[in-house]
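A.B. asks:
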Amino acid sequence: MKKQMLAVITCLAAGIMISSCDKSDKQQDPQPNPVSDEVLAQIKAHGFSTDNVRKTKDGYLVEGDILLTPDQLNEKPGGITLRVGQVEQYRSSSLVTGLPRAIIVKVVGLPSAYIAGVDTALMRYNRLNLRLHFQLVVSGTPTLTIQGYNQAPVNGYVSYGSSGLPTGGNPFPTVQLNYNAAAYGPTPNVLYIASEIQHYIGHCIGMHHTDFMDRSFSCGGTPVREDVNAIWIPGTPMGPDPNSWMLACSNGIARNFNANDIIALNALYH
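In terms of the numbering used here, the sequence shown opens at residue 1416 and continues consecutively.
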């Protein structure tokens, strides 16, 4: 009897497990907007990681926060990469031209804490006395729009924000920033928001992620384009820099520019 009961219980348990697996399988959505091998090859040729590429309405989101448009992918890859140390600062082949130049910034659809973060980020850039000057306005036509959006997690994926790289000598025109509580919390820290906006603006003016050669340094992954033509800047360390404002992944700490970041920005825009 005990054996029969055990057999019945075992069968019931197995049935429940099978039912649960079937339900789980049905809940799994197919990969949305699959990215073709051709596009992945273009992304790799431009020196970006092909891990976890997400297709968006405007192009392809790579490395978590860089938007590449189809036009950018169709351009011929090239240019010299600026290198500060062995695994430090890198720039894209496109920079902002027409220097000195004012970058007019406008904030749209963001709560007050984020506006304060934008103001702090721009002040930090302007303190460097670069030939790029950032000016925050409330009206008129901006060069760069900091655009807010409210997006809850989708299938466990939390969107924080994105920006892109310069084209035609102009900065990328938009920074997208998610103000949903799942991204930066219900009461975001202004200094942390400022460091995030500094990072996104860094992309807009041509900066790659600091750990461009080895993203495992800040967030795991594999090196990309080990053979890239890179120039070491004298006076900077030859080892990793854990506090750069352009690391691919954040450690949760509000970062400002460190000494090597300033050297890199001065080399490009002073």
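No residue lacks a Cβ here, since even glycine has one placed at the ideal position from N, Cα and C.
Remember, predicted model here, so these are calculated numbers, not experimental data.
What distance in whole Å lies between the Cβ atoms of residue 1561 and residue 1592, which are believed to be in contact at a cut-off of 8 Å?
C.D. replies: As a first step, residue 1592 must be located in the sequence shown, where it is residue number 177. As a first step, residue 1561 must be located in the sequence shown, where it is residue number 146. About 6 Å; that satisfies the 8 Å criterion.
A.B. asks: In whole angstroms, give me the CA-to-CA distance for residue 1539 and residue 1594.
C.D. replies: The sequence position of residue 1539 within the sequence shown is 124, counting from 1. The sequence position of residue 1594 within the sequence shown is 179, counting from 1. About 22 Å.
A.B. asks: With DSSP as the reference, label residue 1414 as helix, strand or coil.
C.D. replies: It is not possible to answer for residue 1414, since the shown part of the chain is limited to 1416 through 1685.
A.B. asks: In whole angstroms, what separates the C-alpha of residue 1425 from that of residue 1572?
C.D. replies: In the sequence shown, residue 1425 corresponds to position 10, counting from 1. In the sequence shown, residue 1572 corresponds to position 157, counting from 1. With a pLDDT of only 41 at residue 1425, under the threshold of 50, the placement of this residue in the model should not be trusted; the figure read from the coordinates follows. One C-alpha to the other measures close to 37 Å.
A.B. asks: Out of 1615, 1677, 1678, state which residue places its alpha-carbon closest to the alpha-carbon of residue 1663.
C.D. replies: Residue numbering aside, residue 1663 sits at position 248 when the sequence shown is read from its first letter. Checked all of 1615, 1677, 1678; the closest Cα to residue 1663 is 1615.
A.B. asks: Would you tell me roughly how many angstroms separate the C-alpha atoms of residue 1463 and residue 1586, rounded to the nearest one?
C.D. replies: Position 48 of the sequence shown, counted from the first residue, corresponds to residue 1463. Position 171 of the sequence shown, counted from the first residue, corresponds to residue 1586. Going by the C-alpha atoms only, they are around 19 Å apart.
A.B. asks: Taking the straight line between their C-alpha atoms, what separation do you get for residue 1623 and residue 1588?
C.D. replies: As a working note, residue 1623 is residue 208 in the sequence shown. As a working note, residue 1588 is residue 173 in the sequence shown. Their backbone Cα atoms lie some 17 Å apart in a straight line.
A.B. asks: Here's a check: name, in chain order, each residue in its chain whose Cβ is nearer than 6 Å to the Cβ of residue 1533, leaving out the five neighbours to either side.
C.D. replies: The count along the sequence shown starts at 1 and reaches residue 1533 at position 118. Excluding positions up to five away in sequence, the list reads 1522, 1561, 1612.
A.B. asks: Is the separation between the beta-carbon of residue 1607 and that of residue 1667 shorter than 9 Å?
C.D. replies: Working through the sequence shown from its first residue, we reach residue 1607 at position 192. Working through the sequence shown from its first residue, we reach residue 1667 at position 252. It is a contact, given that the beta carbons lie within the stated cut-off.
A.B. asks: Out of curiosity, what's the CA-to-CA distance linking residue 1569 and residue 1467?
C.D. replies: The sequence position of residue 1569 within the sequence shown is 154, counting from 1. The sequence position of residue 1467 within the sequence shown is 52, counting from 1. Each residue's alpha carbon lies about 15 Å from the other.
A.B. asks: What residues are listed by DSSP as bridge partners for residue 1549?
C.D. replies: Residue 1549 sits at position 134 when you count from the first residue of the sequence shown. Looking at the DSSP assignment, residue 1549 forms a beta bridge with 1518.
A.B. asks: Skipping 5 residues on each side, what residues in its chain have a beta carbon closer than 6 Å to that of residue 1459?
C.D. replies: Along the sequence shown, read from residue 1 onward, the residue named residue 1459 stands at position 44. Cβ within range, chain order: 1465.
A.B. asks: Mind checking who residue 1574 pairs with in its DSSP beta bridge?
C.D. replies: Within the sequence shown, numbered from 1, the residue matching residue 1574 stands at position 159. Answer is none; residue 1574 lacks a bridge partner.
A.B. asks: Am I right that residue 1580 and residue 1481 are in contact with their C-beta atoms under 8 Å? What's the rounded C-beta distance?
C.D. replies: Position 165 of the sequence shown, counting from 1, holds the residue named residue 1580. Position 66 of the sequence shown, counting from 1, holds the residue named residue 1481. Sure, about 7 Å apart at Cβ, within 8 Å.
A.B. asks: Under 9 Å, do residue 1483 and residue 1518 count as touching if we go by C-beta distance?
C.D. replies: Locating residue 1483 in the sequence shown gives position 68, counting from the first residue. Locating residue 1518 in the sequence shown gives position 103, counting from the first residue. Not closer than 9 Å, so no.
A.B. asks: Any chance the CB of residue 1454 is under 8 Å from a heavy atom of the ligand FMN?
C.D. replies: Inclusion of the ligand FMN in the displayed structure is not the case, the ligand content being empty and no account of it being possible.
A.B. asks: For residue 1565, count neighbouring Cβ atoms within 10 angstroms of its own Cβ and tell me buried if that reaches 16, exposed if not.
C.D. replies: The residue labelled residue 1565 in the question sits at position 150 within the sequence shown. With fewer than 16 Cβ atoms within 10 Å of its Cβ, residue 1565 is classed as exposed.
A.B. asks: Where residue 1552 and residue 1681 are concerned, what is the direct C-alpha to C-alpha distance, given to the nearest angstrom?
C.D. replies: By one-based count along the sequence shown, residue 1552 stands at place 137. By one-based count along the sequence shown, residue 1681 stands at place 266. Straight-line Cα distance between these residues: approximately 25 Å.
A.B. asks: What is the rounded straight-line gap between the Cα of residue 1476 and the Cα of residue 1526?
C.D. replies: On the sequence shown, position 61 is the one that residue 1476 refers to. On the sequence shown, position 111 is the one that residue 1526 refers to. Taking the straight line from one Cα to the other gives about 25 Å.
A.B. asks: If you drop the 5 nearest sequence neighbours on each side, which residues of the same chain put their C-beta closer than 8 Å to that of residue 1672?
C.D. replies: The sequence position of residue 1672 within the sequence shown is 257, counting from 1. Here the set comprises 1539, 1543, 1613, 1660, 1680.
A.B. asks: Using the beta-carbon count (16 or more within 10 Å), is residue 1584 buried or exposed?
C.D. replies: For this step, residue 1584 is matched to residue 169 along the sequence shown. So residue 1584 counts as exposed.
A.B. asks: Suppose you measure from the CA of residue 1452 to the CA of residue 1487; what does that come to, to the nearest Å?
C.D. replies: Numbered from its first residue, the sequence shown carries residue 1452 at position 37. Numbered from its first residue, the sequence shown carries residue 1487 at position 72. Whole-angstrom Cα-Cα distance: 17 Å.
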